[in-house]
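Enquirer: Encoded as structure tokens, here's the structure I'll be asking about.
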Amino acid sequence: MSATAPPVVVVGELLVDIVSHPDGRSAEHVGGSPANVAVGLARLGHDTHLACLVGEDERGRRCAEHVEAGGVHLLPGSRSPQHPTSTALATLDGSGAASYVFDLHWDLPPVRLPAGTGHLHTGSIATTLTPGDAEVEDAMRRARAQGTVSYDPNVRPTIMGDVDEVRPRVEHLVTLSDVVKCSEDDIEWLYPGELASAVMARWAALGASLTVVTLGGEGVVWRAATGEEARAAARIKDVVDTVGAGDSFMAGLLSGLLDSGLLGSTDARARLAAAGLDDVRPAIDRALATSGVTVRHAGAYAPTREELR
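Just so we're aligned: the sequence shown equals residues 2 to 310 in the numbering used here.
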């Protein structure tokens with residue numbers, strides 16, 4: 002990676018997951034899909050900045066320390082004395098099934114993009130939760146004027162609302178994005194019964210040059226700007242857990258596209274819009290490699306480049 006590579010900005014939630022066990026034990030972990038992507042990009046050597054909203058409380062301090070330890074720079078306004086840090090309480094029953102209660106705060110201030118920002122990534126709860134969703138969209142528009150944008154819907158059915166209301170929002174954000182990645186579970190909720198190929202074609206018609214659908218243990222399918230599609234097998238072995246695997250895949254994908262000159266500027270957007278399967282394949286390979294390392298560790302582990310060799 003060039004030392005002069007433009008900054009990458011990630012916009013989205015950074016929160017604390019609280020897991021409550023039947024025997025009364027509880028444990029807290031720093032989480033948030035966009036935050037995981039930010040750490041993944043920073044660990045891969047990219048100049049990465051995160052716009053989020055955490056409190057000045059103890060949980061907020063731990064959240065900030067976590068991402069900064071991974072090499073991420075918190076953007077101004079990401080820490081607020083007016084709001085507690087968001088939490089997701091998962092209560093496990095005797096079978097291990099979880100029920101969730103969310104305490105979310107997303108009064109995101111205007112995102113201050115660093116000078117020369119080349120790429121912006123967003124997704125998940127941050128793109129649908131009011132009132133901050135408006136600031137996320139504004140940041141996408143401003144970043145798109147000078148660089149490229151990626152989006153991962155990463156739907157959360159229990160808190161995002163009715164699918165018939167969420168689907169138009171997702172499709173609107175696709176129109177602002179150069180790269181859209183989702184999971185097969187996202188598609189099943191957003192478009193019940195539709196095949197991944199049909200959804201990728203729909204999103205391509207809305208303007209996304211590269212669309213990618215992860216298929217869990219079956220790997221990934223993607224559609225290049227040329228309209229060609231391809232599949233690749235997952236690189237999974239010695240699985241400890243799959244926490245953060247999708248976010249690690251996203252970080253690896255963006256890293257590979259940035260290194261290939263297919264993201265990071267308006268010129269890169271033009272190259273991505275003309276890219277075929279072989280042009281994109283190295284980034285897909287990196288994404289499969291990063292997620293393959295992540296599943297061999299407990300939690301949302303983010304590998305370095307050295308671990309991919």
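Where a beta carbon is used, it is the ideal one built from N, C-alpha and C, also for glycine.
What did DSSP end up calling SER21 once you bin it into helix, strand or coil?
Expert: Residue mapping note: residue 21 aligns to position 20 of the sequence shown, counting from 1. Correct three-state label for SER21: strand.
Enquirer: Roughly how many angstroms lie between the CA atoms of PRO35 and THR176, to the nearest whole one?
Expert: Walking along the sequence shown from the start, residue 35 turns up at place 34. Walking along the sequence shown from the start, residue 176 turns up at place 175. Roughly 19 Å separates the two Cα atoms.
Enquirer: Assuming ILE19 and LEU105 make a contact with CB atoms under 8 Å, what is their CB distance in whole Å?
Expert: One-based indexing of the sequence shown puts residue 19 at position 18. One-based indexing of the sequence shown puts residue 105 at position 104. Between LEU105 and ILE19 the Cβ distance is about 13 Å, and since that is not below 8 Å, they are no contact.
Enquirer: If you count every other CB in all the chains shown that lies within 10 Å of the CB of PRO132, and 16 or more means buried, which is it?
Expert: The sequence position of residue 132 within the sequence shown is 131, counting from 1. Classification for PRO132: exposed.
Enquirer: If you follow the alpha helix (DSSP H) that GLU66 is part of, which residue opens it and which one closes it?
Expert: On the sequence shown, residue 66 is found 65 positions in, with the first residue counted as 1. Unbroken alpha helix (DSSP H) run through GLU66: 59-70.
Enquirer: So, does the region 108-116 touch the region 75-95, judging by three or more C-beta pairs under 8 Å?
Expert: In short, these stretches touch, since the Cβ pair count reaches three.
Enquirer: Any idea what DSSP makes of HIS47, helix, strand or coil?
Expert: Start at 1 with the first residue of the sequence shown, and residue 47 comes out as number 46. Reduced to three states, the DSSP call for HIS47 is coil.
Enquirer: Which residues bound the beta strand (DSSP E) around GLY32?
Expert: As a position in the sequence shown, residue 32 is number 31, starting the count at 1. GLY32 -> beta strand (DSSP E) spans 27-32.
Enquirer: Spell out a yes or no on whether the region 4-15 and the region 224-233 are touching, meaning 3 or more CB-CB pairs, one atom from each, closer than 8 Å.
Expert: The region 4-15 vs the region 224-233: no contact.
Enquirer: What's the call for SER198, buried or exposed, on a 16-neighbour Cβ count within 10 Å?
Expert: For the purposes of this step, residue 198 is identified with residue 197 of the sequence shown, where counting begins at 1. With fewer than 16 other Cβ atoms within 10 Å, it is exposed.
Enquirer: Tell me the rounded alpha-carbon separation between ALA206 and SER178.
Expert: Position 205 of the sequence shown, counted from the first residue, corresponds to residue 206. Position 177 of the sequence shown, counted from the first residue, corresponds to residue 178. About 12 Å.
Enquirer: Quick check on the burial criterion: 16 or more other C-beta atoms within 10 angstroms. Buried or exposed for GLY25?
Expert: Here residue 25 refers to the residue found at position 24 of the sequence shown. Counting Cβ neighbours within 10 Å, GLY25 comes out exposed, since fewer than 16 surround it.
Enquirer: Using 8 Å as the threshold, is the region 231-243 in touch with the region 207-223, meaning 3 or more CB pairs across them?
Expert: The region 231-243 is in contact with the region 207-223.
Enquirer: Measure the alpha-carbon distance for THR291 versus ARG297 and round it to whole angstroms.
Expert: In the sequence shown, counting from the first residue as 1, residue 291 sits at position 290. In the sequence shown, counting from the first residue as 1, residue 297 sits at position 296. Those two C-alpha atoms are separated by around 10 Å.
Enquirer: To which residues of the same chain is ASP139 closer than 8 Å at the C-beta, ignoring the five residues directly before and after it?
Expert: By 1-based counting over the sequence shown, the position of residue 139 is 138. PRO111, VAL112.
Enquirer: For my contact list, ARG60 and THR92 are in at a C-beta cut-off of 8 Å; report their separation, rounded to the angstrom.
Expert: Counted from its first residue, the sequence shown places residue 60 at position 59. Counted from its first residue, the sequence shown places residue 92 at position 91. About 18 Å separates the two Cβ atoms, so there is no contact after all.
Enquirer: Give me the DSSP bridge partner(s) of ARG232.
Expert: The residue labelled residue 232 in the question sits at position 231 within the sequence shown. BP columns for ARG232 point to VAL222.
Enquirer: Output yes or no for whether 7 Å exceeds the beta carbon distance between GLY41 and ALA235.
Expert: Start at 1 with the first residue of the sequence shown, and residue 41 comes out as number 40. Start at 1 with the first residue of the sequence shown, and residue 235 comes out as number 234. Result no, Cβ atoms of GLY41 and ALA235 do not sit closer than 7 Å.
Enquirer: Straight-line CA distance for SER3 to SER21?
Expert: Counting from 1 along the sequence shown, the entry for residue 3 is found at position 2. Counting from 1 along the sequence shown, the entry for residue 21 is found at position 20. Caution applies to SER3, whose pLDDT of 45 falls short of 50 and renders its modelled position unreliable; the value that the coordinates give is listed next. In a straight line, the C-alpha of SER3 is about 44 Å away from that of SER21.
Enquirer: Between TRP107 and the rest of its own chain, which residues show a CB-CB distance below 8 Å, the 5 nearest in sequence each way excluded?
Expert: Here residue 107 corresponds to residue number 106 of the sequence shown, with the count starting at 1. Excluding sequence neighbours, TRP107 sits near GLU14, LEU54, SER87, ILE126, ALA127, LEU130, THR131, PRO132, GLY133, ASP134.
Enquirer: Give the secondary structure of GLY262 by DSSP, where H, G and I count as helix, E and B as strand, and everything else as coil.
Expert: Locating residue 262 in the sequence shown gives position 261, where the first residue counts as 1. Looking at GLY262 - three-state DSSP - the assignment turns out to be coil, as it is neither helix nor strand.
Enquirer: From the DSSP output, in three-state form, read off SER81 for me.
Expert: Position 80 of the sequence shown, counting from 1, holds the residue named residue 81. Residue state, collapsed to three classes: strand.
Enquirer: Which of helix, strand or coil does DSSP assign to HIS173?
Expert: For the purposes of this step, residue 173 is taken as residue 172 along the sequence shown, with counting starting at 1. Three-state DSSP puts HIS173 in a helix.
Enquirer: Reducing DSSP to helix, strand and coil, say where ALA303 ends up.
Expert: Along the sequence shown, one-based indexing puts residue 303 at 302. Looking at ALA303 - three-state DSSP - the assignment turns out to be coil, as it is neither helix nor strand.
Enquirer: Quick one: residues in its chain with C-beta nearer than 7 Å to the C-beta of SER256, no 5 flanking neighbours on either side, listed in chain order?
Expert: By 1-based counting over the sequence shown, the position of residue 256 is 255. Closer than 7 Å at Cβ, skipping near neighbours: LEU42, LEU45, HIS47, ARG287.
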